[in-house]
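Peer 1: Right, I'll just put the structure down here and ask away after.
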Amino acid sequence: MDDDDVLDNVGARLRGFRQTLKLTLQELAVRSGMTASTISRLERGLVRPGLEHLLSLSRVYGLPIDELVAAPRVGNPRVHLKPIQKHGLTFIPLGARNEGLNAYKVIYPRASECPAPRYRTHPGREWFYVLAGSVELVQADQRTVLHAGEAAEFTTMTPHWLVNASDDEPAETIAIYGHQGERIHLSELAS
-15 MDDDDVLDNV GARLRGFRQT LKLTLQELAV RSGMTASTIS RLERGLVRPG LEHLLSLSRV
45 YGLPIDELVA APRVGNPRVH LKPIQKHGLT FIPLGARNEG LNAYKVIYPR ASECPAPRYR
105 THPGREWFYV LAGSVELVQA DQRTVLHAGE AAEFTTMTPH WLVNASDDEP AETIAIYGHQ
165 GERIHLSELA S
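So the sequence shown is numbered by the working numbering: it starts at -15 and just counts up by one.
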């Protein structure tokens, strides 16, 4: 899709965002500071939006400008993974940090090399998927061993910890933490 194709589709996208929010042209005009006539012309493709139009609409819709216009992604999409190591565990971020959910590959050393377990509690939920080996999830007095290909999700208000369940090989998981879980698990790692 070239630039002209992207720009030709902007009007329909803008109309779609307005209709999704169930706003009339007049309501959007009040919120954006533009006239209803200008918005109508933009949505019908009679006028191509300028930066000032897109900035106003971006604020109203709570979306970045590139999403408003469906701009093609440019640049290198790779994430630069910088492992974090502490207490014998390795956490590898799998995406840019954000305030929502964040994913990590977590490597647990052999059971005999694992640090002493420490129960943690915090608001939220955790989810993990076992890539290799097996891990033992301990929640209060309940123990569950999960093997490669298995996943678990649990509330983190229950005291919990994870450890490699085997002395044969390191275990690897993909873990997804909410903001509170990431803060609890990784703030200690940063120190």
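The beta carbon of each residue, even a glycine, is placed where N, CA and C say it ideally should be.
Do Leu(-2) and Leu52 have their beta-carbon atoms positioned less than 8 Å apart in this structure?
Peer 2: Taking the C-beta atoms as reference points, Leu(-2) is found nearer than 8 Å to Leu52.
Peer 1: Who does Asn148 pair with in a DSSP beta bridge?
Peer 2: DSSP output for Asn148 lists Val119 as bridge partner(s).
Peer 1: Taking the alpha helix (DSSP H) that His37 belongs to, which residues open and close that run?
Peer 2: Counting along the chain, the alpha helix (DSSP H) containing His37 begins and ends at 35 to 45.
Peer 1: Below 8 Å between beta carbons: does that hold for Val114 and Val147?
Peer 2: no
Peer 1: Please state if the CB of Arg109 and the CB of Thr140 are separated by a distance shorter than 8 Å.
Peer 2: yes
Peer 1: What does the alpha-carbon distance come out to for the pair Ala95 and Gly84?
Peer 2: 31 Å
Peer 1: Return the Cβ separation of Phe112 and Ala136 in integer angstroms, given the expectation that the two are a contact with Cβ distance under 8 Å.
Peer 2: 6 Å
Peer 1: One question on the structure: do Val44 and Arg25 come within less than 8 Å of each other, judged by their Cβ atoms?
Peer 2: no
Peer 1: DSSP state of Leu130, grouped into three classes?
Peer 2: strand
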